[in-house]
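Here the sequence shown stands for residues 0 to 267, numbered as in numbering that gives the first Met the number 0.
Working notes, structure below.
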Amino acid sequence: MAHDGENLWITDPSGAPTTIFEVTEEGALTGNTIPCSFGGSWFGDMASDGDYLYGVNVGGDNAIKVIDLGSGSLVSTITGAWTVISQRGLAYDANNEEFYVGGWNSNMIWRVTSTGATISTFSFNGISGLEWHPNGGPDGNGSLWIVENTPADNVTEVDPNNGWVILQQFTLPGSSGYGGAGAALGPDGTLWAPCQNTNTVYNIDLAEPLSGAGNWLSLDYYEGSVPAFGGVNNIPTHLDATGTVAGESIPRMWCLPRIPTLERFQFR
């Protein structure tokens, strides 16, 4: 799936493997469709910059297909090292014109240029969806979200610019195992992720808005423990206004408990 900044684009490998459907965030079909019969079994995960739709062809040439959203026509095909076997997930970093492509057949993610040349690779099991967040990660420099199709169905954030370190992880909503199937980032920085167990697309708040905040706000550390029964953990916080526009800014920071029964909270 993909988000073009206004609506979602979704494929259905079982019911309509050669058609991409436009769907509103409320779940209504707009009536707009794009044919995606490119010699493969179906069209896998997608990404969009608002002008083009990028999708991974599952089977056939296993390539990335570039589709003009305005006309619905195929513009170009991108191939590379990943095409030796079919992949499932695709993400696009528009700022750096890079793709991330991978799947559960290879259990590998390729970071590639806009022409398909490999930049780096990362081993990861059960990949079903990928999505790039331009303001993700502890420094706001971008991160990659990985959706699994495994018994655990984890959703994992990694930092490809820092040795592919794992930043955080949670379970796909609605999952009872092997439910993951793609991912998309909304214009507000939330993640859209379908679960095949419930036939539902979930909108997940990652607490990483597309604010363009950059590095003006940073913390000494981003995870730790707070003693029970009124304990305190003081986190040194740093502000750097270099390069920012004059005016008032009210930052919000979220604390995400690792205990599922506890709710997250914010402070500002």
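No residue lacks a Cβ here, since even glycine has one placed at the ideal position from N, Cα and C.
**Message:** What does the Cβ neighbour count give for Leu218, buried or exposed, with the cut at 16 atoms within 10 Å?
**Reply:** exposed
**Item:** Simplified DSSP assignment, three categories, for Ala80
**Value:** helix
**Message:** Using a 10 Å radius around the Cβ and a threshold of 16 neighbouring Cβ atoms, would you call Leu28 buried or exposed?
**Reply:** exposed
**Request:** Identify whether Trp191 lies in helix, strand or coil by the three-state DSSP scheme.
**Result:** strand
**Prompt:** Roughly how many angstroms separate the alpha carbons of Phe169 and Ile145, rounded to a whole number?
**Reply:** 11 Å
**Asked** Is the region 31-44 touching the region 76-90, taking contact as three or more C-beta pairs under 8 Å?
**Response** yes
**Message:** Could you compute how far the alpha carbon of Ser36 sits from the alpha carbon of Leu52?
**Reply:** 14 Å
**Request:** Confirm, please, whether the CB-CB distance from Gly181 to Asp152 is below 8 Å.
**Result:** no
**Message:** Using only the alpha-carbon positions, how far apart do Ala206 and Leu166 sit?
**Reply:** 13 Å
**Prompt:** Expressed to the nearest angstrom, what Euclidean distance is found between the alpha-carbon atoms of Gly101 and Asp239?
**Reply:** 37 Å
**Prompt:** Anyone know if the C-beta pair for Asn148 and Trp103 falls short of 8 Å?
**Reply:** yes
**Message:** In whole angstroms, give me the CA-to-CA distance for Ala160 and Ser70.
**Reply:** In the sequence as presented, Ala is not what sits at residue 160; that position holds Asn. One C-alpha to the other measures close to 35 Å.
**Prompt:** Can you pull the DSSP bridge partners for Glu21?
**Reply:** Trp8
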